[in-house]
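When we follow my numbering, the leftmost residue of the sequence shown carries the number 122, and every step to the right adds one. Idealized CB from N, CA, C, for every residue including glycine. Note that the structure is predicted; figures quoted are calculated from it, not measured. One structure below.
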Amino acid sequence: MKRYLLMVFTAMILVSCGSSKNVVAKRETPTKTVKKASNLKTLESNYSGRNSSLVDELLKDARKYLGAPYKYAGNTSAGFDCSGLICKVFDENSYKLPRRSEDQSNKGKEIKIKEAKPGDLVFFATSGGSRVTHVGIVHDIGNDGEVKFIHSSTSKGVIISSLNEKYWNNAYLFARRVL
């Protein structure tokens with residue numbers, strides 16, 4: 122029995138912020154436009170390099186949680202899952218978002234990755250397929266178009282990652298602007 126419970130708990134952690142809804146099924150065509158890390162190296166961003174004061178505060182609040190551990194269903198500095206981090210940071214800036222990454226993926230408007238700017242949300246399918254299972258906040262856009270985002274990973278807690286990393290590039294689904 123203990124072994125069975127351990128296996129179930131481990132499976133829950135691996136699925137992390139999993140959802141039960143196929144996002145692509147709601148669209149006429151799949152929105153996954155970025156498939157390989159090499160595609161992002163030539164990405165031309167439309168980002169001007171300037172943020173609103175709201176976005177600056179949002180990112181400041183997100184950065185203060187860097188290093189916080191991962192915790193399934195967590196939404197405090199004692200531990201976050203991906204959607205819990207997003208909820209906490211947006212809530213601290215008087216903007217309410219749903220708790221689950223799947224529900225967050227339906228807020229705001231979908232944008233092309235080249236239109237992304239800090240404060241936008243990026244969504245991923247970390248379990249393969251097209252289901253939203255992970256979310257992060259765009260932190261910055263490099264001069265070369267590299268998109269970096271803050272998120273809570275199951276292995277390293279709250280960190281900044283890049284869409285140029287093969288794992289995240291392959292898991293990327295779409296971006297949304299909610300502010």
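Query raised in the report: Is it right to say Pro190 is buried, meaning 16 or more other beta carbons lie within 10 angstroms of its own, or is it exposed?
Result: Result: exposed.
Query - Distance between Lys233 and Val243 (C-alpha atoms, nearest Å) - result: It is roughly 10 Å from the alpha-carbon of Val243 to the alpha-carbon of Lys233.
Requested in this report: Tell me where the alpha helix (DSSP H) around Gly205 begins and ends.
Outcome: Looking at the DSSP string, the run of the alpha helix (DSSP H) that includes Gly205 is 203-212.
**Report entry** Ordered list of beta strand (DSSP E) runs contained in the region 261-299, each at least 3 residues
**Finding:** You should have 268-274, 278-283, 293-298.
Query raised in the report: Hey, how far is the Cα of Val299 from the Cα of Asn227?
Result: For the pair Val299 and Asn227, the Cα-to-Cα distance works out to about 10 Å.
Query raised in the report: Apart from the five residues on each side of it in sequence, which residues of its chain come closer than 6 Å, Cβ to Cβ, to Ile281?
Result: Within the same chain, Ile281 has close Cβ partners His260, Lys269, Ile271.
**Report entry** Buried or exposed (CB count within 10 angstroms, at least 16 for buried), Arg171
**Finding:** With a threshold of 16 other beta carbon atoms within 10 Å, Arg171 falls short and is exposed.
Query raised in the report: Where does Val145 fall in DSSP's three states?
Result: Because the pLDDT at Val145 is just 30, under 50, the model does not fix this residue reliably, and the value given afterwards should be weighed accordingly. Helix, per DSSP.
Query raised in the report: Helix, strand or coil for Arg171 per DSSP?
Result: Coil, per DSSP.
Query raised in the report: Quick one: Cα of Thr247 to Cα of Phe201, how far?
Result: Each residue's Cα considered, the two are about 17 Å apart.
Requested in this report: Look at the alpha carbon of Asn196 and the alpha carbon of Phe295, and state the distance between them as a whole number of angstroms.
Outcome: When rounded, the distance between both Cα atoms is 23 Å.
**Report entry** Buried/exposed call for Tyr288, threshold 16 Cβ in 10 Å
**Finding:** Of the other Cβ atoms in all chains shown, fewer than 16 fall within 10 Å of the Cβ of Tyr288; this residue is therefore exposed.
**Report entry** Beta-bridge partners of Leu242, as assigned by DSSP
**Finding:** Ile258, Arg297, per the DSSP bridge assignment.
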